[in-house]
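Engineer:
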Amino acid sequence: MTSKVISIVLGGGQGSRLAPLTQTRSKPAVPIAGKYRLVDIPISNCLHSGIDRIFVLTQFNSASLNKHIKNTYHFSTFSTAFVDILAAEQTPTSGGWFQGTADAVRQSLHHLGVHDFEYVLILSGDQLYQMDFDEMIRQHIEKKADISIATIPVHVNDVPGFGILKTDDQNLITSFIEKPKTGFENWVSEVSPEMKEQGRIYLASMGIYIFNRKLLYDLLEGNDHTDFGKEIIPQSIEGHKVISYQYEGYWTDIGTIPSFFDANLGLTDDIPQFNLFDKNQIYTRARMLPPTKISGTHLDRSIIADGCIINASLITRSIVGIRTRIGLYTTIDSCYVMGCDNYQTLDEIAVAKANGDPVMGIGDRCTLRNAIIDKNTYIGDDVKINCGGKLPDGDFPTYTVVDGIVIVKKRAIIPSGTVI
12 MTSKVISIVL GGGQGSRLAP LTQTRSKPAV PIAGKYRLVD IPISNCLHSG IDRIFVLTQF
72 NSASLNKHIK NTYHFSTFST AFVDILAAEQ TPTSGGWFQG TADAVRQSLH HLGVHDFEYV
132 LILSGDQLYQ MDFDEMIRQH IEKKADISIA TIPVHVNDVP GFGILKTDDQ NLITSFIEKP
192 KTGFENWVSE VSPEMKEQGR IYLASMGIYI FNRKLLYDLL EGNDHTDFGK EIIPQSIEGH
252 KVISYQYEGY WTDIGTIPSF FDANLGLTDD IPQFNLFDKN QIYTRARMLP PTKISGTHLD
312 RSIIADGCII NASLITRSIV GIRTRIGLYT TIDSCYVMGC DNYQTLDEIA VAKANGDPVM
372 GIGDRCTLRN AIIDKNTYIG DDVKINCGGK LPDGDFPTYT VVDGIVIVKK RAIIPSGTVI
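Residue 121 in my numbering sits at position 110 of the sequence shown; the count goes up by one each step and never skips.
Spelled out as structure tokens, the structure:
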């Protein structure tokens with residue numbers, strides 16, 4: 012069945028809620044778990060589900076995403092599999108940027124048309140989850156659905172942040188409302204006993220859709236609808252068979268700095284909700300890096316990626332990304348250190364130290380708490396970050412504070428002795 016499916020991963024817009032992590036990259040290119048990119052999640056889910064024809068739609072800060080996909084997803088010469096980028100482009104029929112999720116797919120339909128498929132699986136590029144799409148496709152076909160929407164039960168407090176739908180006893184969606192603030196008390200749907208016990212009795216759209224090929228073309232061509240959640244889905248419910256595929260596993264929308272931070276640090280739990288060690292591993296770029304070298308460091312509930320040189324005193328509930336250098340007597344608590352794209356040579360390090368400049372990585376005698384350290388940063392010696400009371404939100408030349416989380420910007424230089 013999956014041979015009849017083509018997948019589209021939506022790269023999103025500017026991702027302003029994830030700033031400053033999206034100042035130089037698109038949302039799907041944001042690093043997670045020390046070695047992956049967000050786009051690896053939906054692509055890996057597709058590949059494990061037998062779906063190997065995938066388009067990634069993007070238009071904002073796409074260079075690093077293009078490079079990652081080019082260097083990661085290679086298939087046999089004799090295979091029809093591909094993972095291709097479709098960036099917003101000027102054509103005789105369209106000269107503007109993507110105006111929304113539906114408009115992005117509409118402008119890309121001519122690229123899909125050259126392929127043989129019956130169903131289109133539409134995914135978001137900024138979510139963390141593990142799902143077998145084969146089961147969703149199977150239900151879509153068995154129930155003769157026109158559209159299927161993956162849904163997840165949520166608590167009443169979460170309702171205003173989602174598109175909420177109501178189903179009947181056959182999982183047919185009868186009503187849909189986008190991010191309601193009030194008046195949704197009667198929108199309770201049938202969920203499992205386990206979900207009821209947790210108070211998760213409302214069904215939220217996960218932004219994962221299956222469309223029959225002909226219907227997708229009919230819904231998008233000849234109109235100016237720009238968004239699936241606000242326009243296409245609500246208008247399709249009355250005239251088409253729209254089915255809910257209820258999912259009760261781990262799923263989180265990584266749209267804000269707090270959600271991004273919590274999702275990453277959650278990976279360090281003894282039994283994390285998102286299991287990196289599952290048999291269905293996450294695919295990413297294969298790097299020829301040396302093993303990590305650690306000296307004199309106490310590690311507790313932490314994830315350390317490849318190629319690091321660590322001399323810290325203590326690292327607890329943190330993620331340390333690829334090629335990270337951490338100096339002597341440094342303490343890192345509840346941080347995500349993204350790592351580096353390259354190593355400094357010994358000569359470059361010697362010159363930097365002789366001039367009193369920080370080297371790439373984290374220096375000696377530093378204390379970092381509740382922070383995200385973006386890639387290729389230079390943090391000097393005796394630097395203290397987030398070691399006092401909760402900091403007010405603000406954006407500064409080398410760092411940003413969001414909800415008490417300090418984000419040190421990509422390539423920032425933090426001089427020795429700095430206190431943030």
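Here a beta-carbon is modelled for each residue, glycine too, at the ideal position from N, C-alpha and C.
Which value, in whole angstroms, describes the spacing of the CA atoms of A363 and L134?
Structural biologist: 45 Å
Engineer: Is E201 near D180, with beta carbons less than 8 Å apart?
Structural biologist: yes
Engineer: Spell out the partners DSSP gives E189 in its beta bridges.
Structural biologist: Per DSSP, the beta-bridge partners of E189 are G174.
Engineer: What would DSSP say about G240, mapped onto helix, strand or coil?
Structural biologist: helix
Engineer: Just how far apart, CA to CA, sit P283 and T342?
Structural biologist: Linking P283 to T342 through their CA atoms gives a straight-line distance of about 23 Å.
Engineer: Using 8 Å as the threshold, is the C-beta distance between V331 and Q355 below it?
Structural biologist: No. Outside cutoff.
Engineer: Considering only C-alpha positions, which residue in the set A113, N72, S90, N82 is nearest to A98?
Structural biologist: The candidate whose alpha carbon is nearest that of A98 is N72.
Engineer: Just the C-alpha distance for I80 and L21, rounded to the nearest angstrom, thanks.
Structural biologist: 14 Å
Engineer: Provide the residue span of the alpha helix (DSSP H) that contains L123, from first to last.
Structural biologist: Residues 112-123.
Engineer: Does the Cβ of G240 have 16 or more other Cβ atoms within 10 Å, making it buried, or fewer, making it exposed?
Structural biologist: buried
Engineer: Label R298 either buried or exposed according to how many other C-beta atoms from any shown protein chain fall within 10 Å of its C-beta, with 16 as the threshold for buried.
Structural biologist: With fewer than 16 other Cβ atoms within 10 Å, it is exposed.
Engineer: Counting only the same chain and skipping the five closest in sequence on each side, list residues whose C-beta sits under 7 Å from that of A227.
Structural biologist: In the sequence on display, residue 227 carries Leu and not Ala. Here the set comprises V131.
Engineer: Counting C-beta neighbours from all protein chains within 10 Å, is the total for G172 16 or more, i.e. buried, or is it exposed?
Structural biologist: exposed
Engineer: Would you grab the beta carbon distance between Y340 and R376 for me? Rounded to a whole angstrom, and I think it's under 8 Å.
Structural biologist: That belief holds up - the Cβ atoms of Y340 and R376 are roughly 5 Å apart, short of 8 Å.
Engineer: Does the distance from the CB of I333 to the CB of L300 come in under 8 Å?
Structural biologist: Against a cut-off of 8 Å, the Cβ pair of L300 and I333 comes out as a contact.
Engineer: When the Cα atoms are used, what is the spatial distance from L379 to D385?
Structural biologist: Between L379 and D385, the C-alpha separation is close to 13 Å.
Engineer: Please classify H59 as buried or exposed, where buried requires at least 16 other C-beta atoms within 10 Å of its C-beta.
Structural biologist: buried
Engineer: Can you tell me which of V165, N182, L183, G210 puts its alpha carbon nearest to the alpha carbon of K190?
Structural biologist: V165
Engineer: Could you give the distance in angstroms between the alpha-carbon of I96 and the alpha-carbon of L76?
Structural biologist: About 9 Å.
Engineer: Nearest-angstrom Cα distance between F285 and Q257?
Structural biologist: 18 Å
Engineer: Cα separation between P31 and L278?
Structural biologist: 22 Å
Engineer: Can you tell me where the alpha helix (DSSP H) holding A365 begins and where it ends?
Structural biologist: 357-365
Engineer: Which class does I287 belong to by DSSP, given the choice of helix, strand or coil?
Structural biologist: Going by the sequence as given, residue 287 is Leu instead of Ile. The answer is coil: DSSP assigns L287 none of H, G, I, E or B.
Engineer: Looking at the unbroken beta strand (DSSP E) that takes in N275, where does it start and where does it end?
Structural biologist: Unbroken run through N275 is the alpha helix (DSSP H), 268-276; no beta strand (DSSP E).
Engineer: Taking 8 Å as the cut-off, does the stretch 44-55 touch the stretch 285-294 (at least 3 CB pairs, one atom from each stretch)?
Structural biologist: yes
Engineer: In three-state terms, what does DSSP make of N11?
Structural biologist: Lying before the first or after the last residue shown, residue 11 is absent from the chain, which here runs from 12 to 431.
Engineer: So, under 8 Å CB-CB, I19 and V116 are touching, yes? Tell me the CB distance rounded to an integer number of Å.
Structural biologist: 6 Å
Engineer: What is the C-beta distance between A436 and C346, in whole angstroms, given that I count them as a contact (C-beta under 8 Å)?
Structural biologist: The question about residue 436 has no answer here: the residues shown for the chain are numbered 12 through 431.
Engineer: Just checking my contact of I65 with F93 at CB under 8 Å: how many whole Å lie between their CB atoms?
Structural biologist: The C-beta separation of I65 from F93 comes to about 7 Å, placing the pair in contact by the 8 Å criterion.
Engineer: Which partner residues does T378 have in the DSSP bridge list?
Structural biologist: T342, K395
Engineer: With DSSP as the reference, identify every bridge partner of T263, one or two as the case may be.
Structural biologist: L139
Engineer: Throw me the rounded Cβ distance for the N429 and G391 pair, which I believe falls under 8 Å.
Structural biologist: Rather than Asn, the amino acid found at residue 429 in this sequence is Thr. Yes, T429 and G391 are in contact; Cβ-Cβ is about 7 Å, under 8 Å.
Engineer: When you compare the CB of T237 with every CB in chain C, is at least one pair closer than 8 Å?
Structural biologist: Checking the listed chains, one finds no chain C in this structure; it contains a single protein chain.
Engineer: In the structure shown, what three-state DSSP assignment does H251 receive?
Structural biologist: Looking at H251 - three-state DSSP - the assignment turns out to be coil, as it is neither helix nor strand.
Engineer: For P39, count neighbouring Cβ atoms within 10 angstroms of its own Cβ and tell me buried if that reaches 16, exposed if not.
Structural biologist: buried
Engineer: Out of S159, D229, D143, point me to the one whose CA is closest to L183's CA.
Structural biologist: Residue S159 is the option with its Cα nearest to L183.
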